[in-house]
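Read in order, the letters of the sequence shown correspond to residues 8 to 66 in our numbering. Contents: one structure, followed by commentary.
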Amino acid sequence: QLDRRCGGGLQAIVTGAMMIESGACDVVMAGGVESMSNIEYYTTDMRWGTRAGTTRLFD
């Protein structure tokens, strides 16, 4: 299982291709879905934390 937000589907396909090339697998099933449009709000300043009341949310 792989969760890389925007690049998860592509990474799953790349990993599957590498497993076939290396001989680890004969067949793989890989793909991904877009789900960022399902979030109601997001913020850009939570990586290092923030104080209460200072966070800007975007719609």
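Heads up, the beta-carbon is just placed ideally off N, CA and C, and yes, glycines get one too.
One Cα belongs to GLY39, the other to ALA31, and the distance between them is close to 21 Å. Within the model, the alpha-carbon separation for ALA37 versus GLY60 is close to 41 Å. Annotation: GLY38 is outside any alpha helix (DSSP H) and is labelled neither H nor E by DSSP.
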